[in-house]
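Engineer:
2 protein chains.
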Amino acid sequence: MFGARCLLRILRSCSSAPCPRHNPAVRLSVRDALGAQNASGERVKVQGWIRSVRSQKEVLFLHVNDGSSLESLQVVGDSSFDSRELTFGCSLEVQGQLVKSPSKRQNVELKAEKIEVVGNCDAKAFPFKYKERHPLEYMRQYPHLRCRTNVLGAILRVRSEATAAIHSFFKDSGFVHIHTPIITSNDCEGAGELFQVEVMEGLFKTATVMVLSNCSEDVDLCHKFIAPGQKDILEHMLKNNFLILCICLPHPPDLSISYTEAVEILKQSSQIFTFTPEWGVDLHAEHEKYLVKHCGNIPVFVINYPLELKPFYMRDNEDGPQQTVAAVDLLVPGVGELFGGSLREERYHFLAQRLARSGLTEAYQWYLDLRRFGSVPHGGFGMGFERYLQCILGIQNIKDVIPFPRFTHSCLL
Amino acid sequence: MFGARCLLRILRSCSSAPCPRHNPAVRLSVRDALGAQNASGERVKVQGWIRSVRSQKEVLFLHVNDGSSLESLQVVGDSSFDSRELTFGCSLEVQGQLVKSPSKRQNVELKAEKIEVVGNCDAKAFPFKYKERHPLEYMRQYPHLRCRTNVLGAILRVRSEATAAIHSFFKDSGFVHIHTPIITSNDCEGAGELFQVEVMEGLFKTATVMVLSNCSEDVDLCHKFIAPGQKDILEHMLKNNFLILCICLPHPPDLSISYTEAVEILKQSSQIFTFTPEWGVDLHAEHEKYLVKHCGNIPVFVINYPLELKPFYMRDNEDGPQQTVAAVDLLVPGVGELFGGSLREERYHFLAQRLARSGLTEAYQWYLDLRRFGSVPHGGFGMGFERYLQCILGIQNIKDVIPFPRFTHSCLL
Numbered sequence: 000m001f002g003a004r005c006l007l008r009i010l011r012s013c014s015s016a017p018c019p020r021h022n023p024a025v026r027l028s029v030r031d032a033l034g035a036q037n038a039s040g041e042r043v044k045v046q047g048w049i050r051s052v053r054s055q056k057e058v059l060f061l062h063v064n065d066g067s068s069l070e071s072l073q074v075v076g077d078s079s080f081d082s083r084e085l086t087f088g089c090s091l092e093v094q095g096q097l098v099k100s101p102s103k104r105q106n107v108e109l110k111a112e113k114i115e116v117v118g119n120c121d122a123k124a125f126p127f128k129y130k131e132r133h134p135l136e137y138m139r140q141y142p143h144l145r146c147r148t149n150v151l152g153a154i155l156r157v158r159s160e161a162t163a164a165i166h167s168f169f170k171d172s173g174f175v176h177i178h179t180p181i182i183t184s185n186d187c188e189g190a191g192e193l194f195q196v197e198v199m200e201g202l203f204k205t206a207t208v209m210v211l212s213n214c215s216e217d218v219d220l221c222h223k224f225i226a227p228g229q230k231d232i233l234e235h236m237l238k239n240n241f242l243i244l245c246i247c248l249p250h251p252p253d254l255s256i257s258y259t260e261a262v263e264i265l266k267q268s269s270q271i272f273t274f275t276p277e278w279g280v281d282l283h284a285e286h287e288k289y290l291v292k293h294c295g296n297i298p299v300f301v302i303n304y305p306l307e308l309k310p311f312y313m314r315d316n317e318d319g320p321q322q323t324v325a326a327v328d329l330l331v332p333g334v335g336e337l338f339g340g341s342l343r344e345e346r347y348h349f350l351a352q353r354l355a356r357s358g359l360t361e362a363y364q365w366y367l368d369l370r371r372f373g374s375v376p377h378g379g380f381g382m383g384f385e386r387y388l389q390c391i392l393g394i395q396n397i398k399d400v401i402p403f404p405r406f407t408h409s410c411l412l
Numbered sequence: 000m001f002g003a004r005c006l007l008r009i010l011r012s013c014s015s016a017p018c019p020r021h022n023p024a025v026r027l028s029v030r031d032a033l034g035a036q037n038a039s040g041e042r043v044k045v046q047g048w049i050r051s052v053r054s055q056k057e058v059l060f061l062h063v064n065d066g067s068s069l070e071s072l073q074v075v076g077d078s079s080f081d082s083r084e085l086t087f088g089c090s091l092e093v094q095g096q097l098v099k100s101p102s103k104r105q106n107v108e109l110k111a112e113k114i115e116v117v118g119n120c121d122a123k124a125f126p127f128k129y130k131e132r133h134p135l136e137y138m139r140q141y142p143h144l145r146c147r148t149n150v151l152g153a154i155l156r157v158r159s160e161a162t163a164a165i166h167s168f169f170k171d172s173g174f175v176h177i178h179t180p181i182i183t184s185n186d187c188e189g190a191g192e193l194f195q196v197e198v199m200e201g202l203f204k205t206a207t208v209m210v211l212s213n214c215s216e217d218v219d220l221c222h223k224f225i226a227p228g229q230k231d232i233l234e235h236m237l238k239n240n241f242l243i244l245c246i247c248l249p250h251p252p253d254l255s256i257s258y259t260e261a262v263e264i265l266k267q268s269s270q271i272f273t274f275t276p277e278w279g280v281d282l283h284a285e286h287e288k289y290l291v292k293h294c295g296n297i298p299v300f301v302i303n304y305p306l307e308l309k310p311f312y313m314r315d316n317e318d319g320p321q322q323t324v325a326a327v328d329l330l331v332p333g334v335g336e337l338f339g340g341s342l343r344e345e346r347y348h349f350l351a352q353r354l355a356r357s358g359l360t361e362a363y364q365w366y367l368d369l370r371r372f373g374s375v376p377h378g379g380f381g382m383g384f385e386r387y388l389q390c391i392l393g394i395q396n397i398k399d400v401i402p403f404p405r406f407t408h409s410c411l412l
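For the record, the sequence lines run as chains A and B.
With numbering that gives the first Met the number 0, the residue at position 356 of the first sequence is 355, and numbering never jumps.
With numbering that gives the first Met the number 0, the residue at position 42 of the second sequence is 41, and numbering never jumps.
In structure tokens form, the structure reads like this:
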């Protein structure tokens, strides 16, 4: 019988000796070590990968990173350590004393007492080189290793925080999380409320403020090295109201545009589009990006799309020959469509007619049922999570915000 | 141009009249209305489905539920309301004053000023009947409607809370959420720590305590009507340490069992199993349930499974002719396997040999790479989320804890 707890330790280094019952060194993540206030010689253990080595006559400097933060921990050793095995990319465990650093470049450093290499790194074959900044396209070839770089590490931490922020936004707003392809509220809000595009704006702004506050270094890194100028665009977006129409107010505080107007704007533009804009045809990315620019680089809601372009469940606007549905897309700078949503057709007879026209009545009997037994006006929307990350970080290629993207000619994983 | 915000209101009821600019009634969910402290006549609006109607000569009582809580809100109206349309299952909007209830059965009630039916319910065809308690098997036929019942509503709210609790446990423990089929920490913890089964027990207990505290009424409902006795079993599990082996300590505080011992226990049992227990063959659900019972209905970790039964990436225990891997399953009362995990084979040559034996070297070159460039001891585990819900609620059939389960002969959705 082997105890899971000590199994590894037994197998690794003390197979014949008993495990030590107490280890006085506290294990800390690099993030926690860096955040230690008033470090005064506490004995700690840190594990991570070597990001840099500088070996001088009497002193050895290592920077160790474990993925928990952008910043690495400086490890200082005396001349007794053999630095030959300590190469860029290898993993190690360091025990020592956490002390205030004499340098202004960092708050604390680890005075090494014991350095153990856990896993060597074949530096010649390792695709990432010491002190080199690799382009995103290059790193994309190594999805299984690129999270060890500063940029991808930062993006993945932001991704994790963004997920948490979105969950937290919905939870705090009283939504119930359902495991279907739909995130919806199961309380019976009238769609008049559910469809407030203030929900989408609230989600975007709340989540973004949370990410900026919890991951500021990671976001700054992307803004600095990948998308200079993105910081200003983001601030501009957060400061200003998104464009919304509200015709009920005599003096609308904001403006949105309808699909019909959007097509007019595109037609009058001097820009040459690959796809000629025309009423009844879907907007392409090039159109969406133009519209956002046209509106002053502020997110803009485009509403009321042609019925023929949209699925059967969207609510008919009953607006005569043009026939549109109550659909909305939120377009954002650089990315285009970020959210897409609509009021759903809650009226039994409208829905039954449209299903009958498409020959879908039998398959969607269950969906009709929902309109027979206490139907409620409702709506819903979806957000492109990867596009959201692209938008806040200024990342051009969607493959760089996905940990393990799959695409043609990439069947590595 | 139509404003999304007012679109529905226009279409629904005031297509020719202008929308009111201000509506003094505050919209509340049933949950928030029930939780209102010192209700003293505030004007509110509540939306939901009718759960019960009692029409007396001079007074009308409705119970309205919107899915936000188990308890319904009592709505009281005078004889001026026409109750003919107010039937079980229809959806409505009520405006009125929130007041302290004279009855001890509830804290507050809504004194209706206006009741509007939003969606009628064809009561004869509606599969759920007023005041009837329907078996879970019956409800399973109506996945699109069953969330309107007390039990399924409760299960779905618990599911949502459990998801949040699990996310929060990992976030608070410093894990980074990665969108792959794996949830893992990207900090370089030694597997000795990562593989502490103290993590699984922590996850189970922390999440469960959080769910019990945030959803106590919903959990109680399940324990009362579906699984009497489950409350005691759960308390027993939470109070006691799960069985863990730790051979490093001279007097182990707890005990776990190895796969080999588990098979011995099963062989010596007088119970007749459908599948005869034998070394080298996987444990079946009947075996797992027996083992948990045998150990006093406390969750038990079974460790060190035959190498031949497990995937190539599990760590070889190098234990001679039997040859086991450092795998662990957590078995819990009533459900059997809840967690499954293992140390991963971090040693390049061991892994390379096993891949070569299976002819997988080429396909898994990327996986070998991870052992070439700074390999680290690590481990991982997965949890059956639905099984977790079954375990805390005492639900026998997994289909009842999934919002829209798919199974043979169920292609409704």
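Beta carbons: idealized from backbone N, C-alpha and C, even for Gly.
Nothing here was measured: the structure is a model prediction, and the numbers come from that model.
Glycine 381(B) by DSSP, collapsed to three states: which one?
Structural biologist: Residue state, collapsed to three classes: strand.
Engineer: Could you check if asparagine 316(A) is buried or exposed, using at least 16 other CB atoms within 10 Å of its CB as the buried criterion?
Structural biologist: Looking at its Cβ environment, which holds 16 or more other Cβ atoms inside 10 Å, asparagine 316(A) is buried.
Engineer: What residues of chain B sit near threonine 162(A), judged by a beta carbon separation below 7 Å?
Structural biologist: Correct list: His176.
Engineer: Which residues, in order along the segment 350-374 of chain A, keep a beta-carbon less than 9 Å from a beta-carbon of chain B?
Structural biologist: Result list: Gln364, Trp365, Tyr366, Asp368, Leu369, Arg370, Arg371, Phe372, Gly373, Ser374.
Engineer: Let me make sure I understand the geometry here. Which of Ser357(A), Gly173(A), Arg314(A), Leu329(A) has the alpha-carbon closest to that of valine 375(A)?
Structural biologist: When each option's Cα is compared against that of valine 375(A), the closest is Arg314(A).
Engineer: Which bits of chain A does aspartate 121(B) rub up against, with CB to CB less than 8 Å?
Structural biologist: Arg371, Phe372, listed in chain order.
Engineer: Judging by CA-CA distance, which residue of Asn213(A), Leu135(A), Val150(A), Cys146(A) is the nearest neighbour of glycine 173(B)?
Structural biologist: Of the listed residues, the one whose Cα sits closest to glycine 173(B) is Asn213(A).
Engineer: Looking only at its own chain, which residues have a Cβ that is under 6 Å from the Cβ of aspartate 399(A), when we skip the five neighbours before and after it?
Structural biologist: Once the five neighbours on either side are set aside, the close Cβ partners of aspartate 399(A) are Leu135.
Engineer: Ordered along the chain, which non-local residues of its own chain (more than five positions away) have a Cβ less than 6 Å from that of aspartate 328(A)?
Structural biologist: Closer than 6 Å at Cβ, skipping near neighbours: Val301, Glu336, Gly339.
Engineer: Going by Cα to Cα distance, which pick from Leu144(B), Gln73(B), Arg104(B), Phe380(B) is closest to glutamate 197(B)?
Structural biologist: Answer by Cα proximity: Phe380(B).
Engineer: Taking the straight line between their C-alpha atoms, what separation do you get for glutamate 287(A) and glycine 66(B)?
Structural biologist: Approximately 38 Å, taken between the alpha carbons.
Engineer: Who does serine 48(B) pair with in a DSSP beta bridge?
Structural biologist: It is tryptophan, not serine, that sits at residue 48(B) in the sequence shown. Bridge partners of tryptophan 48(B): Asn64(B), Ser90(B).
Engineer: May I have the straight-line CA-CA distance separating histidine 143(A) from serine 167(B), to the nearest angstrom?
Structural biologist: One C-alpha to the other measures close to 27 Å.
Engineer: I'd like to confirm the pairing. Which residues does DSSP put opposite isoleucine 302(A) in its beta bridges?
Structural biologist: DSSP output for isoleucine 302(A) lists Ser257(A), Val327(A) as bridge partner(s).
Engineer: By the 10 Å Cβ neighbour count, where 16 or more other Cβ atoms means buried, how is valine 58(A) classified, buried or exposed?
Structural biologist: That one is exposed.
Engineer: Round the Cβ separation of valine 93(B) and glycine 40(B) to the nearest angstrom and send it over; I've been treating them as touching at under 8 Å.
Structural biologist: The pair is not a contact, with the Cβ atoms about 15 Å apart (cut-off 8 Å).
Engineer: May I have the straight-line CA-CA distance separating tyrosine 137(A) from leucine 211(B), to the nearest angstrom?
Structural biologist: Taking the straight line joining both Cα atoms gives about 49 Å.
Engineer: Identify the contact partners of phenylalanine 478(A) in chain B, using a Cβ-Cβ distance below 7 Å as the criterion.
Structural biologist: Residue 478(A) is absent from the model: chain A starts at 0 and stops at 412.
Engineer: Establish whether the CB of cysteine 89(A) and some CB of chain B are separated by less than 8 Å.
Structural biologist: It does: the Cβ of cysteine 89(A) has a partner Cβ on chain B nearer than 8 Å.
Engineer: Would you call the segment 140-159 of chain A and the segment 387-406 of chain B touching, i.e. three or more CB-CB distances under 8 Å?
Structural biologist: The segment 140-159 of chain A vs the segment 387-406 of chain B: no contact.
Engineer: Below 8 Å on the Cβ atoms is my contact criterion, and I expect arginine 50(B) with valine 29(B) to pass it. Report the Cβ-Cβ distance as a whole number of Å.
Structural biologist: Not really, about 10 Å apart at Cβ, beyond 8 Å.
Engineer: So, helix, strand or coil for leucine 193(B), using DSSP?
Structural biologist: With a pLDDT of only 38 at leucine 193(B), under 50, the local geometry of the prediction cannot be trusted, and the value read off the model is given with reservation. Three-state DSSP puts leucine 193(B) in a helix.
Engineer: Using a Cβ cut-off of 9 Å, pull out every chain B residue sitting near leucine 233(A), in sequence order please.
Structural biologist: Neighbours of leucine 233(A) on chain B: none; closest Cβ ~23 Å, over 9 Å.
Engineer: Per the contact definition of three or more C-beta pairs closer than 8 Å, is the segment 75-90 of chain A in contact with the segment 104-112 of chain A?
Structural biologist: Taking 8 Å as the limit for Cβ pairs, the verdict is that the segment 75-90 of chain A does touch the segment 104-112 of chain A.
Engineer: Given 8 Å as the limit, is there contact between the segment 115-122 of chain A and the segment 77-91 of chain A, that is, 3 or more CB pairs closer than that?
Structural biologist: In short, these stretches touch, since the Cβ pair count reaches three.
Engineer: With distances taken from CA atoms, which of Asp171(A), Ala164(A), Lys170(A) is nearest lysine 170(B)?
Structural biologist: For the residues Asp171(A), Ala164(A), Lys170(A), the minimum Cα distance to lysine 170(B) belongs to Ala164(A).
Engineer: Name the one or two DSSP bridge partners that valine 58(A) has.
Structural biologist: For valine 58(A), which the question treats as bridged, DSSP gives the partners Asp77(A).
Engineer: So tyrosine 258(B) packs on tyrosine 304(B), CB below 8 Å; how close in whole Å?
Structural biologist: Yes, tyrosine 258(B) and tyrosine 304(B) are in contact; Cβ-Cβ is about 5 Å, under 8 Å.
Engineer: Which residues in chain B sit within 8 Å of proline 305(A), going by Cβ to Cβ distance?
Structural biologist: Ordered by position in chain B, no residue passes the 8 Å Cβ test against proline 305(A), which lies about 14 Å from the chain.
Engineer: Which value, in whole angstroms, describes the spacing of the CA atoms of glycine 358(B) and leucine 282(B)?
Structural biologist: Computed Cα separation, rounded: 27 Å.
Engineer: Is phenylalanine 406(B) near the ligand GTP, judged by its Cβ being under 7 Å from some heavy atom?
Structural biologist: Ligands in the displayed structure: none, and consequently the ligand GTP is not present.
Engineer: Give the single residue among Asn106(B), Glu277(B), Lys103(B), Ser54(B) whose Cα lies nearest to the Cα of serine 82(B).
Structural biologist: For serine 82(B), the nearest C-alpha among the options comes from Ser54(B).
Engineer: By alpha-carbon positions, which one of Phe349(B), His235(B), Ser159(B) ends up nearest to methionine 209(B)?
Structural biologist: Nearest option by C-alpha distance: Ser159(B).
Engineer: Report the partner residues of arginine 343(B) according to the DSSP bridge assignment.
Structural biologist: Bridge partners of arginine 343(B): Met313(B).
Engineer: So what does DSSP say about alanine 284(B), is it helix, strand or coil?
Structural biologist: Helix at alanine 284(B).
Engineer: Nearest chain A C-beta to glycine 95(B) closer than 8 Å, yes or no?
Structural biologist: No, its Cβ sits nowhere closer than 8 Å to a Cβ of chain A.
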